[in-house]
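Numbering (mature numbering (1 follows the signal peptide of the UniProt record, and there is no 0)), first residue to last: -36 to -1, 1 to 295. See structure below.
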């Protein structure tokens, strides 16, 4: 039998098929293009960013506060709350949508420090602001300021204090009208501050940041499980607009477990409806009082140069004096 003649189109021994050579060529070109691409421009998304040469005033501090709000909420420990000390360094990138990525290093200190034992820790964070949208994306790490065992002990001490209350908690306001926080109420303030950290992080934007001004209408609920469950209203002071915003917060906490927070805030400019409607006259009166307080505090701070917290305390003192003197006059 005669051996068959090889086809003219069959590949010779040792040679690659045309398709194989084409794939190899495409792979080589792709590798060369990847090697020639500069760092940081590997994807179309990353190529949109350029370094922000003119940082908006306060952007780094804004990013640091947002990072700490998120850090406090994620830690879930009222004994390990941190506040901003100083921004050490930072840079920002901006894209065509005016979104900003901020990389920064800053120092933070414990919110509650023993007298003469203040300690600073270092944090590094990346914060992504979606233009004027709230709830910035945060990636943050901080050095340990409080030993884990000591933090757990202090958290359980606060937990036992809350659980051993003989009567359901019903507090009018913290601080009181004189700006004083009773030592017995300090654990409640710290736990409420922890829950408020979640709200402040969610509401923060590039241009809006918040402080806790006062707690009111604090009520603790008895639960079938071991968790601490209570409601409170917090007055948040928005720094740039000088508005005082009331937020109703429901908090569930147990030491060592993730914090659970639900909330509803009523903006002064666009009042929102709540789950249970009040009579229109009563609701209108509350809004009027709130707007009056905001204008009064804002004007006093502007004219006197005093801080907002101090002006809020003066407002509550004046309201207490007014109520007492009006009551005497009516008698």
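Just so it is clear, CB atoms sit at the ideal spot from N, CA and C, and this is done for glycine as well.
Three-way DSSP call (helix, strand, coil) for residue i in this model
i           : result
residue 60  : coil
residue 37  : helix
residue 89  : strand
residue 186 : coil
residue 43  : helix
residue 29  : helix
residue 243 : For residue 243, the pLDDT reaches just 36, beneath the cut-off of 50, and the residue's location in the model is therefore unreliable, although a value from the coordinates is still provided. Residue 243 falls in the coil class under three-state DSSP.
residue 68  : strand
residue 23  : helix
residue 84  : strand
Beta carbon of residue i nearer than 8 Å to that of residue j
i           : j           : result
residue 110 : residue 44  : yes
residue 192 : residue 218 : yes
residue 27  : residue 47  : no
residue 150 : residue 41  : no
residue 60  : residue 12  : yes
residue 55  : residue 69  : no
residue 186 : residue 98  : no
residue 177 : residue 208 : yes
residue 65  : residue 92  : yes
residue 57  : residue 16  : yes
Extent of the continuous alpha helix (DSSP H) to which residue i belongs
i           : result
residue 153 : 150 to 167
Limits of the unbroken beta strand (DSSP E) element including residue i
i           : result
residue 343 : What is shown of the chain runs -36 to 295, which leaves residue 343 out entirely.
residue 224 : 224 to 229
residue 215 : 207 to 217
Q: Enumerate, from N- to C-terminal direction, the unbroken beta strand (DSSP E) stretches of 3 or more residues contained entirely within the region 101 to 135.
A: 101 to 106
Q. Any chance the region 25 to 41 sits against the region 102 to 110, with 3 or more Cβ pairs inside 8 Å?
A. yes
(Q) Quick check: the region 150 to 167 against the region 198 to 218, are at least 3 beta-carbon pairs closer than 8 Å? (A) yes
Q | Touch test, the region 163 to 180 against the region 202 to 209, Cβ-Cβ under 8 Å, three pairs minimum | A | yes
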